[in-house]
Amino acid sequence: MKSTEVTAVNVDLTERVDRGRLRSPGGLRPATLLILLAMVPSCQASNEIAQPVDDVAPLAIASTEPVVPATTARPPAAASDDEAGRRIAELEQQVQFLRRQLASTMAALVEADRRLYRSTPQEERQAVLVTWLSDPQFLVRRLAIELSDKRLENNQPIGAEMVTALRGRLEDPRAEIRRAAALLLSNLRDEQSADTVAALLAGGAEEEIDVIRAYLQVMVGRPRAAAVDPAMSMLGHDALRGPAAAALTSALKQNLLNPDQIERAATRVRALVHRNAAPPEPPVIALLARLADEDDWTRIAAWLDADEERVKDAAARAWAESGRPLWELARRAGSEPFLQIVIAQARQRGEDPRTMIALVQHPPEDAQVIVAWKQALTEMAARVPAAAVLVVDRHLAQSQGPDNELREQLLTTSITRLTSAGNGAQGADPAPNLDEPTRRLLTDLYLGRAGIRLERGAARAALEDLRAARPDELDPVRRRRRSLGLLKAHLAAGDDEAAATEAETLLRHEATTALVAGTYLDIARKNLAARQFDRALELTLQLQDLIGTDPPATLMTAARNLQKKIEDAIAASKATTPESDSDAQAEGNL
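Here the sequence shown stands for residues 21 to 610, numbered as in the numbering used here.
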């Protein structure tokens, strides 16, 4: 049908309804015809085309009486019924066509507006959105909300006029717009919007569940006392329980509940938990934790081992935020979500040696989490006893590919703590005011750090640590350990005379002879591998001089074998070294 034909049909059917001459075989009522007519807008008025059918339907439904004819003269019933059926079928087809046309037209309009926005200078775009937010067309308002959200996502400015316009959409006739505006204002953290939303919740006029959920989300970020009672009443609604619990938790964090409200909230949430055998949803767990007594914490502890990951996660976070001992979480650090939660909490308040040891036993795999894990261990090293740090260091030393940088950092942190407590300075007399057990721990820390520094090639720094461990305070085991460390450090630093002095002291005891020999041979082998042949040979010969003419046969054999290998390497090196220019010149003159 052409538009003129549609208009003619519209007028014709209207006149016939007015005269009461049109009836369907099934007794078609005026209400039905009015709905059909409303669905066929006049092509002469574009505003009517855009008008939803829902707006006129209530008026049509109000009339249910059959049409009373104005005259008794009627055409033949069959002809009238056939004509009505045909016209109605045509109208239904035209309605569908026009609906498609309308949808296409409105989509084109929105796309045109989108292009217009993109072509508008940046400084003028906010003004455009302010206008569109109050546009009578729903699709235009929705586009304005979408573009406003995109501005926020892209960190573009949203000025006061835009915020005011968005607040106005909190009472938009369309639920979709109300919900979107609330979520956008929530992300904007607008205080006045939070006041408005709290008043809307308190008024209780909103009936759309999705809109109420959005309002509650605003209250999560910006809690208000006026929304406490409405949120409490929503705990019994399955679709609203989670957001309502989250809103109440935020209000509790801000101390917005009075004693009576706290008591009522605790009663309600416990009733919810006790009524259901299954664990509650995560926001309810968080709310219970804010109101919990010891019986409640026993229940929350049981949820740490729940089957559902989201329940375990919620229980773990509630436990962590409560300030309760971290060990309950740390002993489960081998599985998610506990490890990351323990890492975060350990940085803030970790002081239990068991927690630190549990952390080091469960290193993460993700690179970013590893950084946080190392920071947590370092910060805990400043709070836990030195003995725990030494245990952690031993564990790290035995791990595959030990992280010597982390080990040194942990030991340094613990050393700093002890020397500060003893009011001493690192070096000559690190902690004069410490008791004997603590001084032994400090010595072990120095010896441990010296070994790490030697492995990292920092011989001078290692010597400082070894000198800080005063020999007159050491038992035989620690004294021997210090002497071996000094021997290695002097050799690594190239101070052969000081190394020989330490070696002679150690060689007085048969038990340490092999250790001295092993130290010289190990360093000589490293020099050989680095093609530092002269230094390797020098160390081998020094060792043979130190162990004398009657050493253990195995040591002398090992030393001579290494000497032979070094001499062979020197010979091979000379054989493959190109002749110098002077030698070549001399040969040429012969």
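All C-beta atoms in this analysis are idealised placements derived from N, C-alpha and C, irrespective of residue type, glycine included.
4 or more residues per run - each alpha helix (DSSP H) lying fully within the stretch 258 to 314 | Fully enclosed alpha helix (DSSP H) runs of 4 or longer: 261 to 273, 279 to 295 and 302 to 311.
Name the two residues that bound the continuous alpha helix (DSSP H) containing arginine 374.
-> 373 to 381
Are the stretch 325 to 336 and the stretch 364 to 381 touching by the rule of at least three beta carbon pairs closer than 8 Å?
-> no
Using a Cβ-Cβ cut-off of 8 Å (strictly less than) and excluding sequence neighbours within five positions of leucine 507, which residues of its own chain qualify?
-> Ala519, Glu522, Ala523, Leu526, Val536 and Thr539
Closest residue to asparagine 275 among Arg244, Ile305, Pro357 and Arg295 (Cα-Cα distance) | Arg244
Of the residues Glu143, Ile165 and Arg487, the one placed nearest tryptophan 152, counting alpha carbons only = Distance from the Cα of tryptophan 152 is smallest, within the candidate group Glu143, Ile165 and Arg487, for Ile165.
Whole-angstrom distance between valine 148 and alanine 123, CA atom to CA atom | Between alanine 123 and valine 148, the C-alpha separation is close to 23 Å.
Determine, using beta carbons only, whether glutamine 114 comes closer than 7 Å to chain D.
-> Of the chains in the structure shown, none is chain D; there is only one protein chain.
Rounded to whole angstroms, how far is the Cβ of glutamate 328 from the Cβ of proline 299, which I believe are closer than 8 Å?
-> 7 Å
If you compare alpha carbons, which of Asp169, Leu454, His510 and Leu462 is closest to alanine 479?
-> His510
Span separating the alpha-carbon of methionine 239 from that of methionine 252 | For methionine 239 and methionine 252, the distance between alpha carbons rounds to 13 Å.
Residue interval of the alpha helix (DSSP H) (run including leucine 255) | It is not in any alpha helix (DSSP H) - leucine 255 carries neither H nor E in the DSSP assignment.
For asparagine 581, which three-state DSSP category applies?
-> helix
Is the beta carbon of glutamine 146 sitting closer than 7 Å to the one on glycine 105?
-> no
Three-state secondary structure (DSSP) of isoleucine 590 | helix
Proline 156 - containing alpha helix (DSSP H), residue span = Counting along the chain, proline 156 falls outside any alpha helix (DSSP H), and DSSP gives it neither H nor E.
Close-in-space but distant-in-sequence residues of the same chain around leucine 483 (CB under 6 Å, 5 per side omitted) = Ala509
Exposure of valine 497, with buried meaning 16 or more beta-carbon neighbours within 10 Å = exposed
Nearest residue (CA-CA) to threonine 458, options Ala441, Pro303, Gly468 and Glu371 | Ala441
For alanine 573 and arginine 580, the rounded distance between their alpha carbons = 11 Å
In this structure, does DSSP put glutamine 237 in helix, strand or coil?
-> Here glutamine 237 sits in helix by DSSP.
Can you tell me which of the three DSSP states histidine 510 falls into?
-> helix
How far does the alpha helix (DSSP H) with histidine 415 in it reach, from first residue to last?
-> 406 to 418
Alpha-carbon spacing of aspartate 316 relative to arginine 242, whole angstroms = Taking the straight line from one Cα to the other gives about 27 Å.
Among the residues of its own chain, which have a CB less than 6 Å from the CB of glutamate 181, if the five just before and after it don't count?
-> So the qualifying residues of the chain are Val150.
So the alpha helix (DSSP H) aspartate 516 belongs to, where does it begin and stop?
-> 516 to 526
Helix or strand or just coil, what does DSSP make of threonine 34?
-> Note that threonine 34 has pLDDT 43, beneath the 50 cutoff, so the model's placement of it is unreliable and no number is given.
Between the Cα of glycine 477 and those of Ala513, Asp485 and Gly262, spot the shortest distance and give me the residue it belongs to.
-> Ala513
Cα-Cα, which of Arg162, Asn175 and Glu173 is closest to leucine 186?
-> Arg162
Within this structure, are the beta carbons of leucine 494 and alanine 470 separated by less than 7 Å?
-> no
Please classify alanine 595: does DSSP put it in a helix, a strand, or coil?
-> Correct three-state label for alanine 595: helix.
Take glutamate 314 and list the residues in its own chain whose beta-carbon comes closer than 8 Å to its own, dropping the five residues that flank it on each side.
-> none
On a CA-only basis, which of Thr432, Arg352, Ala267 and Gln418 is nearest alanine 285? Give me that one, please.
-> Ala267
If you scan the stretch 532 to 567 from start to end, which runs of the alpha helix (DSSP H) of 4 or more residues do you find wholly inside it?
-> 553 to 567
Nearest-angstrom Cα separation, counted from glutamine 113 out to isoleucine 81 = Low per-residue confidence applies at isoleucine 81: pLDDT is 33, beneath 50, and the placement is therefore not dependable, though the value from the model is reported in the following sentence. About 22 Å.
Grouping DSSP H, G and I as helix and E and B as strand, with all else coil, what is arginine 106?
-> The answer is helix: DSSP assigns arginine 106 an H, G or I state.
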